[in-house]
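These protein sequence lines map, in sequence, to chains A and B.
Numbering follows full-length UniProt numbering, with no gaps: position 154 of the first sequence is 154.
Numbering follows full-length UniProt numbering, with no gaps: position 13 of the second sequence is 13.
Cβ coordinates follow ideal geometry from the N, Cα and C atoms, glycine included.
Reading through the C-alpha cells given below for one structure.
There are 2 protein chains.
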Amino acid sequence: MPVRPAATSAPGSTASLRTANQARVVNVLRGRAAELPADGTPVTQAELARLTGLAPATVSNIVRHLASAGLVDTEPGSGRRGTTVRLARSAGLVAGIDFGHRHVAVALGDLSGALVAEDRRRLHAEHAYDEGLEIADGMLTALLAEHGHGVPVRNIGLGLPAPISDDLVRSSAILPGWVGVNAREVTSGWFDRPVHTENDANLGALAEHRHGVARGHATSVFLKISSGVGAGLIVDNRLFRGADGTAGEIGHLTLDEQGPVCRCGSRGCLEAYASIGTVEAMLANQLPDAGIDRILAAARDGNVSAVRTLEDAGLHVGWGLAAVVNLLNPDLIVVGGEMARAGDLLLHSVRIGMRRHAVDAAASTPVVASELGERASLIGAVLLAADRTEIAVGP
Amino acid sequence: MPVRPAATSAPGSTASLRTANQARVVNVLRGRAAELPADGTPVTQAELARLTGLAPATVSNIVRHLASAGLVDTEPGSGRRGTTVRLARSAGLVAGIDFGHRHVAVALGDLSGALVAEDRRRLHAEHAYDEGLEIADGMLTALLAEHGHGVPVRNIGLGLPAPISDDLVRSSAILPGWVGVNAREVTSGWFDRPVHTENDANLGALAEHRHGVARGHATSVFLKISSGVGAGLIVDNRLFRGADGTAGEIGHLTLDEQGPVCRCGSRGCLEAYASIGTVEAMLANQLPDAGIDRILAAARDGNVSAVRTLEDAGLHVGWGLAAVVNLLNPDLIVVGGEMARAGDLLLHSVRIGMRRHAVDAAASTPVVASELGERASLIGAVLLAADRTEIAVGP
C-alpha cells in the first residue's frame, strides 16, 4: 500500500480543514495579516482568533500543538492583555542577500521575516558571481557567529538586479559577471541550503507592501531607480511575476524610437533617460566625476544643470509611469532605489510627467518615496526566504 | 437572539465547508474548470468528483440536494458513462448586452454562460443612452418571447466601450450619449433586475479566456481594435480591473509626445495611429469614404496605400504591446475587434513592432487573432451575468 504523506489529505476533508486552519494561524504569526501591527508586537490568542476568523478554542488547540513542536513561544498575559504568541526564534532563521551594481548586503531574519542583523559592503561592478558569493558568504558567517546563537539558517532569499526566469539570470548590463548563471542552482550549492532567487525590484515591492509605505494597498508598483530602472508589481496583495517571471521591465519602455541607444540594444528606453548612470553622464562636463550624491547636493544648492537634469529624468520617469497606471491602474506608486534620495527634486517632475501622459482616470495615482530606502530589496529577500520556509506540524 | 443567515457561517466551520463544497460543484457545472469540455457536454458525477477533488459520496449528496431545489438536471447514464449533471434551464436565464460605437448586440444565455440566442443591430454613433436602451430592451423582449419559455432572466451583463469606474461611464468619445451616466443604476432601473456593467475589452478578455483562444492561459491580454483601442487583462486566470476598474487603457499610451492630437486631449496616443477611424482618415484621399471592409479588400488586392496604412497601424500596435509584455509578461496576446478581420495583414507588422520594442525575454510572446471575433464582448457580457448569479441552496 503506498504511503500517503499527511500533508496531502483530500481537499474538502476534515484533515485538510485542520491543515488549513493551522496555516491561517501561522500566516498571522508570520505578520502577513494586514491588520497586524508592523512593529513585531506579539499577538494575543484572542487577536489570533479575530484575525483568522477561527473559534478561540480552535486557535488555542493549534497554538498548543505548535508550541509543543517548538515552533512558537507563548507568554502568559499581564493585566488586560491575554497570552501572547510569537514564532519561536529556535524554529529557525533565514537569510537575505541583495546584490547591486556596486554593493552586496546580507541580513539575518526570523521566520516572520523580521530583521535580526544586517551588513552592507561595496563591491566592484565587474565582479564575477563566485567572487560576489564568497564575500556574501563571509558576511553571513560573521553575522551568524555574532547573532545566530546556533539556530540554523533554513532558507536564503537572493536578490539580483536582472530579469530572472527559470532561475537563469537573463541579460544584465548591471551585473555582467552573473549573466547566464543558474542562480538558484549555483547558490544553493554554494550555501548548502535552499536559495530562492528574485529580481531586486520585485523584492523591493514585496518589502514596501508588507513593511513599508505600500502596506494596505492591494495593487501597488515599486519603481527602483539605481544603476538600472526596474519595477516590481503587487497585484491583489501578491507579487506578480508574469508568465516567465520577467514582469515589471519598465526600464526598457521605448519613449522615443529615435532616442539614445540603450545598453539593452534598443533606442530611447526609459533607462537611457533616467538611470543614475545617465544622469551622471549628462553632467560629465558641468560636474566632472560627480557621483549621484554630489549631483543631488549641487541641485539642492541651486546648480541649474543639476536641477534641470534631475527634472528631465523625472519627466521621463513620469512618462514611463503613465504607461504603468494606464495599463494597471494601481492605487499607489512607490519610488525607491538610490535615485529616490533626490526626494521632491525628482518626484515633483515625475508627477508632472505622469499627469501629462496618463489617462484622466489614472493620472492622479499617488507617487511617494520609498519608506525602506536602499534596504527595501534586502528586507524583501529576507521576507522571501521566510515565506518559503514551511512552518507546520502534522496532526 | 439575532437571526444569522445560513450563508454567513463562521469560516473554518463544518457548515462553511459544506457551503464551499457545494460552490465547487456549482463552479464546475458553470463550466469554469479548465479541464471541462467547452462545448457544453454535461459532466458525469464521477468527473465532478475528479474535477472538484471531493469524495464521490459527497458529490452525490450535493447533486441530490441541488436537484431537489430544481437547480440541476440529472440524466441516468448509458453504457460506460454514468449519471450526467447539468445546470437546469429552469434555474434561470441571463442576458448580455454589448454596445459599440455603431451597434448593439443582445444575447440570452443559461446559467453556465452558454448562449441560447442572440441578435445584433446597427445603431447611429450619437445615440443617447436611453435611445440605445430602448432598442436593446425591444431586442431582449423579442428573444425572450421566442426562446425564453417563460424562464426568468435573473441578471444582465452590459458592455460599454468606455472606462467604467464606480459604475460611472467615464470620458468616452466613442459613446458620447453615455458619458457621466451611472450605467448600473440607470440600466438596473430600466430592466428592473440587476445589471452588471463592464468595459467591453474586459468582457472580450473574459470570453476569450473561458471559451476562446486564451483558454488555459493564466495571464493573457485581449486587445480590442475598433473605433477605439482598449485592452482587457487576465491575471492568474481572473479578470484584472485595477484599483478603480480602469486597467487596460492601452489606447492612450503616448508613443510620440509630439504626435497627432488624440481625441482624449493628449498627443501621439496609440489610438491616434491604429484605430479604425484613424486608418479610414489616413486613406481619405486614396480610398474616399471607404469603410474598414473596403480598405481590407483593397489591401488584399494589393493596393499599396491600404497595405502600407495597415502595416503602419500594426507597427504602432506592436509598440504599444511591447509596453504590455515588458510590464506584464503575459503568456498570450489576443487581438480582437473589427480590425482583427485584417488577420495577418495587420498581425504580421504587429509582431514586428512588438519585437522591435520589447525586452528580449518578452519579445516572443505569441500574438494571435481572436477566436470569437466581434462576438467576444457579447459572450463576455453573458458570462459576467452568469458569474454574478448565485446558484446555491441552504443546508
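Between the C-alpha atoms of residue i and residue j, what's the straight-line distance to the nearest angstrom?
i: Ala322 of chain A; j: Gly204 of chain A; result: 20 Å
i: Arg263 of chain B; j: Glu249 of chain B; result: 14 Å
i: Ala107 of chain A; j: Arg154 of chain A; result: 13 Å
i: Arg294 of chain A; j: Ser275 of chain A; result: 16 Å
i: Ala136 of chain A; j: Arg18 of chain A; result: 40 Å
i: Gly245 of chain B; j: Arg122 of chain A; result: 44 Å
i: Arg238 of chain A; j: Val304 of chain B; result: 49 Å
i: Gly82 of chain B; j: Ala46 of chain B; result: 7 Å
i: Ala15 of chain B; j: Thr52 of chain B; result: 18 Å
i: Val359 of chain A; j: His252 of chain B; result: 7 Å
i: Ala201 of chain B; j: Arg308 of chain B; result: 27 Å
i: Val367 of chain B; j: Val334 of chain B; result: 6 Å
i: Ala261 of chain A; j: Gly320 of chain B; result: In the sequence as displayed, the identity of residue 261 of chain A is Val instead of Ala. Approximately 19 Å, taken between the alpha carbons.
i: Gly157 of chain A; j: Ala183 of chain A; result: 11 Å
i: Val26 of chain A; j: Asp166 of chain A; result: 29 Å
i: Ala207 of chain B; j: Gln22 of chain B; result: 25 Å
i: Leu384 of chain B; j: Leu143 of chain B; result: 19 Å
i: Val94 of chain A; j: Phe191 of chain A; result: 12 Å
i: His124 of chain A; j: His103 of chain A; result: 7 Å
i: Gly291 of chain A; j: Glu338 of chain A; result: 11 Å
i: His149 of chain A; j: Arg210 of chain B; result: 54 Å
i: Gly336 of chain A; j: Ile234 of chain B; result: 28 Å
i: Glu185 of chain B; j: Arg355 of chain B; result: 44 Å
i: Gly92 of chain A; j: Gly212 of chain A; result: 24 Å
i: Glu126 of chain B; j: Gly232 of chain A; result: 42 Å
Are the C-beta of residue i and some C-beta of chain E separated by less than 7 Å?
i: Val367 of chain B; result: Considering every chain present, this structure includes no chain E. Its protein chains are A and B.
Are residue i and residue j close, meaning C-beta to C-beta below 7 Å?
i: Asp119 of chain B; j: Gly159 of chain B; result: no
i: Ala361 of chain A; j: Pro163 of chain B; result: yes
i: Ala49 of chain B; j: Pro56 of chain B; result: yes
i: Leu270 of chain B; j: Leu255 of chain B; result: yes
i: Ser188 of chain A; j: Pro330 of chain A; result: no
i: residue 447 of chain B; j: Val350 of chain B; result: Residue 447 of chain B lies beyond the stretch modelled for chain B, which goes from 1 to 395, so this question has no answer here.
i: Ala340 of chain B; j: Ala297 of chain B; result: no
i: Asp236 of chain A; j: Ala218 of chain A; result: yes
i: Leu347 of chain B; j: Leu310 of chain B; result: no
i: Leu54 of chain A; j: Gly242 of chain B; result: no
i: Ala306 of chain A; j: Ala313 of chain A; result: no
i: Gly230 of chain A; j: Ile174 of chain A; result: no
i: Gly96 of chain A; j: Val382 of chain A; result: yes
i: Leu332 of chain B; j: Ala214 of chain B; result: yes
Using a Cβ-Cβ cut-off of 8 Å (strictly less than) and excluding sequence neighbours within five positions of residue i, which residues of its own chain qualify?
i: Ser112 of chain B; result: Leu29, Arg30, Gly31, Gly40, Arg86, Leu87 and Ala386
i: Arg193 of chain B; result: Val153, Arg154, Asn155 and Ile156
Excluding the 5 residues preceding and the 5 following residue i in the sequence, name in chain order all residues of the same chain whose CB lies nearer than 6 Å to its CB.
i: Arg388 of chain B; result: Asn155 and His196
i: Gly380 of chain A; result: Leu203, Gly204, Leu206 and Ala207
i: Ala105 of chain A; result: Asp98, Arg120 and Leu378
i: Leu315 of chain A; result: Ser349 and Gly353
i: His357 of chain B; result: Trp319 and Ala322
i: Met139 of chain A; result: Val106 and Asp119
With 16 other CB atoms within 10 Å as the buried threshold, where does residue i fall?
i: Val169 of chain B; result: buried
i: Pro76 of chain B; result: exposed
i: Ser226 of chain B; result: buried
i: Asn285 of chain B; result: exposed
i: Pro5 of chain A; result: Because the pLDDT at Pro5 of chain A is just 38, under 50, the model does not fix this residue reliably, and the value given afterwards should be weighed accordingly. That one is exposed.
i: Glu390 of chain B; result: exposed
i: residue 407 of chain A; result: Nothing can be reported for residue 407 of chain A, as the shown portion of chain A is limited to 1 through 395.
i: Glu146 of chain B; result: exposed
i: Gly216 of chain B; result: exposed
i: Gly70 of chain B; result: exposed
i: Asp110 of chain A; result: buried
i: Arg80 of chain A; result: exposed
Using a Cβ-Cβ cut-off of 7 Å (strictly less than) and excluding sequence neighbours within five positions of residue i, which residues of its own chain qualify?
i: Ser60 of chain A; result: Gln45
i: Trp178 of chain B; result: Tyr129, Leu160, Ala162, Val169 and Ser172
i: Gln258 of chain A; result: Arg267 and Gly268
i: Ser78 of chain B; result: none
i: Ala363 of chain B; result: Met354 and Arg355
The stretch 87-100 of chain B / the stretch 64-77 of chain B touching (three or more Cβ pairs under 8 Å): Segments in contact, yes.
Three or more C-beta pairs below 8 Å linking the stretch 374-383 of chain B and the stretch 269-279 of chain A: Segments in contact, no.
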